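**Student:** Final position of the sequence shown in our numbering is 381; the numbers increase by one with none missing.
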Amino acid sequence: MFSVVALMIAPFGISGCGNFFVPPTSTSGGGSGTTTTSFAYVANATTSTISGFALASGSLVGVTNSPYSLPIPPTSLVVTPANSFLYVGSLGALYGYSIATDGSLTALSSGAALAAVGAVSLDVSPDGNWLFALDSNGVTVDEFGINTSTGALTPENGANFAVTGSGATSPRMIKVAPSGTLVFAAMGTGGEAVFTFNTTTGALVLSQTLDGSTVTSDNAITVDSTSTHLYIARSGTGTGIAVYTIGTAGALNSISGSPFAAGAGPYSVVINSAGTYLYSANRTDGTISGYAIGTTGALTALGTSPYASGSLVTALGRDSLGKYIVAASLGGSPDLTMYSFDATSLGMLDSVSTAATGTDPTGATAIAMSH
11 MFSVVALMIA PFGISGCGNF FVPPTSTSGG GSGTTTTSFA YVANATTSTI SGFALASGSL
71 VGVTNSPYSL PIPPTSLVVT PANSFLYVGS LGALYGYSIA TDGSLTALSS GAALAAVGAV
131 SLDVSPDGNW LFALDSNGVT VDEFGINTST GALTPENGAN FAVTGSGATS PRMIKVAPSG
191 TLVFAAMGTG GEAVFTFNTT TGALVLSQTL DGSTVTSDNA ITVDSTSTHL YIARSGTGTG
251 IAVYTIGTAG ALNSISGSPF AAGAGPYSVV INSAGTYLYS ANRTDGTISG YAIGTTGALT
311 ALGTSPYASG SLVTALGRDS LGKYIVAASL GGSPDLTMYS FDATSLGMLD SVSTAATGTD
371 PTGATAIAMS H
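1) Could you say which of Gly200, Gly341 and Ser315 lies nearest to Asn147 if we only look at CA atoms?
2) Whole angstroms is fine: what's the gap from Gly320's alpha carbon to Ser100's?
3) Taking contact to mean 3 or more Cβ pairs, one atom from each stretch, closer than 8 Å, check whether the segment 356–364 and the segment 51–61 are in contact.
4) Rank Asp228, Val253, Thr249 and Gly246 by C-alpha distance to the C-alpha of Ser237 and give the top, closest one.
5) Measure the C-alpha to C-alpha separation of Ala92 and Ala338 and round it to an integer number of angstroms.
6) Look at the Cβ atom of Ser278, then the Cβ atom of Ser299, and state whether they are nearer than 7 Å.
7) For Thr364 and Thr347, which I take to be in contact (beta-carbon distance under 8 Å), what is that distance rounded to the nearest angstrom?
8) Compare the Cα-Cα distances from Gly198 to each of Thr179, Leu340, Gly161 and Gly341 and report the closest residue.
9) When the Cα of Ala308 is compared with those of Ala325, Leu322 and Leu288, which residue comes out closest?
10) Do you know how far the Cα of Ser223 is from the Cα of Asn263?
11) Work out the CA separation of Leu65 and Ala366 for me, nearest whole Å.
12) Please list the terminal residues of the continuous beta strand (DSSP E) segment that includes Asn263.
13) In this structure, how does DSSP classify Thr347 when only helix, strand and coil are distinguished?
14) Leaving out the 5 sequence neighbours to the left and right, which residues in its chain are closer than 6 Å to Ser268 when beta-carbon positions are compared?
15) For Val89, which residues from the same chain have a beta carbon less than 6 Å from its beta carbon, with the 5 sequence-adjacent residues on both sides left out?
16) Can you list, in chain order, the residues of its chain with a C-beta nearer than 7 Å to that of Gly138? Leave out the 5 residues immediately preceding and following it.
17) Between Ser283, Leu132 and Thr209, which lies nearest to Lys333 when the distance is taken from Cα to Cα?
18) CB Leu141 to CB Phe154, shorter than 7 Å?
19) With distances taken from CA atoms, which of Ala271, Ser235, Ser266 and Gly260 is nearest Gly250?
20) Would you mind stating whether Val186 and Asp133 have Cβ atoms separated by less than 7 Å?
21) Evaluate Thr116 with the Cβ neighbour count: other Cβ atoms within 10 Å of its Cβ, from every protein chain shown; 16 or more gives buried, anything less gives exposed.
22) So is Gly161 buried or exposed if we call it buried at 16+ other beta carbons inside 10 Å?
23) Between which residues of its own chain and Leu204 is the CB-CB distance below 6 Å, once the five residues before and five after are set aside?
24) Do Val215 and Thr247 come within 7 Å of each other at the CB atom, strictly closer than that value?
25) Output the boundary residues of the beta strand (DSSP E) element that contains Pro165.
26) May I have the straight-line CA-CA distance separating Ser330 from Thr46, to the nearest angstrom?
27) Could you round the C-beta distance between Thr297 and Gly273 to whole angstroms and report it? I think they count as a contact, below 8 Å.
28) Where does Ser131 land, buried or exposed, given buried means 16+ other C-beta within 10 angstroms?
29) Taking only three categories from DSSP, how would you classify Gly121?
30) In or out: Ala325 buried (at least 16 other Cβ within 10 Å) or exposed?
31) Could you tell me which residues DSSP pairs with His239 in its beta bridges?
32) Only counting runs of 3 or more residues, tell me where the beta strand (DSSP E) segments fall wholly within the segment 296–356, in order along the chain.
33) Should Gly373 be labelled buried (16 or more other beta-carbon atoms within 10 Å of its own) or exposed?
34) Can you tell which of Gly275, Phe207 and Arg182 has its C-alpha closest to the C-alpha of Thr232?
35) Going by the DSSP bridge assignment, what does Thr219 pair with across the sheet?
36) Measuring CA to CA, which of Ala353, Phe207, Pro371 and Ile184 is closest to Asp345?
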């Protein structure tokens, strides 16, 4: 079982960290939020950079000054709902950028780190007021209030929230439900932790847990738009996409037929904007599986699936206009692939554009999309 412990810590100033947190590259970008153009941002672990691309007329077009350099390898990133800021996690600190209307980035706080935490995954609440970081220590969810004008981060009440359990945890992903009232953490072999969240006060309270297994790893999660179903990319024994209904206070119940078969090593999941199809990035075999979503949340594999992708495809993103799915591949070949939806075969993905995210090998490991 998991428990939540509030650990009181004094607010800190990064300026007191000396040269440990070296500022990332800072370039002028304006920082007024994006327009109707969709953008994709990729964390490159090997080259310690962030790459930005506009999804323009079926092509991936690099934004001005991309890629942007960081002092240490990025592990995660997220765009705020208003498209004003991009937050980047690493195993040592959080960094931030303002986003201009052309998608280019300008480092916040003159490039200094915004917080001293190691984050394997980031997410922002739907109202844009709260940032959550799944800590690399495997037992902590860090929470920050977001200044929506400046992008500055404030530790929530000077506290973080520790998650402890009897099984081994390997933190993978954190996700805020579209309702804004629940937060889910995928802990690899440690299963899932479910928190209730008060969007007004910022209170985060452990509510439910889903037992893990030493032979199964829950690698990624997504929640449907109605916040009634949780989808888990699960590898190991019983590999596939596990589906659970979400009940009161986040109670999870497996649906009939779950888990649904996928390719080798499911590592990321995304649902299209209409909520009718789900896609799984299968890291081991370099493919993407596609499914139709039924009224009960059950998945039916598409006859045209799976779809070829890059080597070690690791992360998927959905563009804000509902036209494309973007895949980042840790092993490259290519680093980034953009897919459109086939006009004839419903749900089918067609590769329409590819791009290198820098000088290969870049180690494209995470992706964040504009809203």
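Ideal Cβ placement from N, Cα and C applies to all residues, glycine included. Please read all numbers here as calculations on a predicted model, not as lab measurements.
**Tutor:** If we stick to the structure as given:
1) Gly200
2) 24 Å
3) no
4) Val253
5) 23 Å
6) no
7) 5 Å
8) Thr179
9) Leu288
10) 17 Å
11) 14 Å
12) Leu262 to Ser264
13) strand
14) Ala252 and Val253
15) Leu96, Ala378 and Ser380
16) Thr90, Pro91, Ala92, Ile156 and Thr158
17) Ser283
18) yes
19) Ala271
20) yes
21) buried
22) buried
23) It is Val, not Leu, that sits at residue 204 in the sequence shown. The answer, listed in chain order, is Phe194, Ser217, Gln218 and Gly260.
24) no
25) Leu163 to Pro165
26) 8 Å
27) 5 Å
28) buried
29) helix
30) buried
31) Thr255
32) 297–303, 309–311, 323–328, 334–339 and 346–351
33) buried
34) Arg182
35) Ala203
36) Pro371
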